[in-house]
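Everything below concerns the one structure shown next.
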Amino acid sequence: MSETVVTTGTAPRSRLRRFGRDLRLVLVTAALTSLAWIVVLAFAGVDLFAPRVEPGEPTTIISPDANDGYPDDVVPIEMVSPIQSMEPLGALRVPVEGVAPSDLIDTYDAPRGSRKHEALDIMAPKGTPVVAAAEGTVEKLFLSDDGGKTIYVRSADGATIYYYAHLATYAPGLEEGAFVRAGQRIGTVGASGNADASAPHLHFAVMQTTPDKSWWEGTPQNPYPLLSMPAAD
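Per the working numbering, the sequence shown starts with residue 250, numbered consecutively.
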């Protein structure tokens, strides 16, 4: 009677050991191959960690030293300047000779029909010299139905318009483009335009503007506080 020999798992264990060795070999080979490609791409200057961009997707190239690292078309909030308020003007000369600051009456908010006056009426006899309240360039000599003979003077920085109205005459030689000094005669008090002939006066207004705007464009500013301040010599 023949004897039957029974094995107890020797062959399966041998196959498992071979499979484990093969798997380790594959993993090591893959790791070495990946490492080799990383080294090659790094020397080629390829950034493996850069975000992926789909074809056709717009991109913004940021220069390292441009705008502190921001794109040219992006400004961080802390770098945005706030809207600038209008700078207060300095003291002005009273533009009518012989009139003291204490003689002035604030008529800026006085009603004129359905609107505010937005100017100062400086009462004086007809023919009283009118002088420039501040230096600037004569931008416009204008004959108006309401204002009569008027003068628009723009400040050197272009940000302020000084308006003189109801004049009787212009000073001899005064012309558009002429530079006038503070205190220089530019005309005489009158009642031209729609002023009451029995109450000659200078209608004086101040407008804040910008250099690119025309001579009639601006935001009115009350000249009374400015004329009440001591004028600089």
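Every residue gets a Cβ at the ideal spot worked out from N, C-alpha and C, and that includes glycine.
| said: Which residue marks the beginning of the alpha helix (DSSP H) containing residue 477, and which one marks its end? | reply: 473 to 477 is the span of the alpha helix (DSSP H), which, as asked, contains residue 477.
| task | Starting from the N-terminal side, write out each stretch of the beta strand (DSSP E) that is 3 residues or longer and does not extend beyond the segment 373 to 433. | result | If only complete runs of 3 or more residues are kept, the segment 373 to 433 shows the beta strand (DSSP E) at 378 to 380, 385 to 393, 397 to 403, 409 to 419, in order along the chain.
| query | Using CA coordinates, which residue listed in 352, 443, 433, 387 is at the minimum distance from residue 396? | reply | The residue with the shortest Cα to Cα distance from residue 396 is 443.
| How would you call residue 345, buried or exposed, if buried means at least 16 neighbouring beta carbons within 10 angstroms? | Counting of Cβ neighbours within 10 angstroms places residue 345 among the buried residues, the total reaching 16 or more.
| Distance, Cα to Cα, residue 381 vs residue 435? | If I take the Cα positions, the gap works out to 6 Å.
| With distances taken from CA atoms, which of 429, 452, 451, 354 is nearest residue 383? | Checking every option, the nearest Cα to that of residue 383 belongs to 429.
| said: Measuring only the C-alpha atoms, how far is residue 438 from residue 457? | reply: Their backbone Cα atoms lie some 24 Å apart in a straight line.
| query | How is residue 460 classed by DSSP in three states: helix, strand or coil? | reply | If DSSP states are grouped into helix, strand and coil, residue 460 belongs with coil.
| message | For residue 463 and residue 418, I'd like the C-alpha separation in whole angstroms. | response | C-alpha of residue 463 to C-alpha of residue 418: approximately 24 Å in a straight line.
| request: For residue 389, collect the residues of the same chain with a Cβ closer than 7 Å to its Cβ; drop the 5 residues on either side in sequence, then sort them by chain order. | output: Here the set comprises 401, 425, 464.
| How big is the Cα-Cα spacing for residue 460 and residue 411? | Straight-line Cα distance between these residues: approximately 14 Å.
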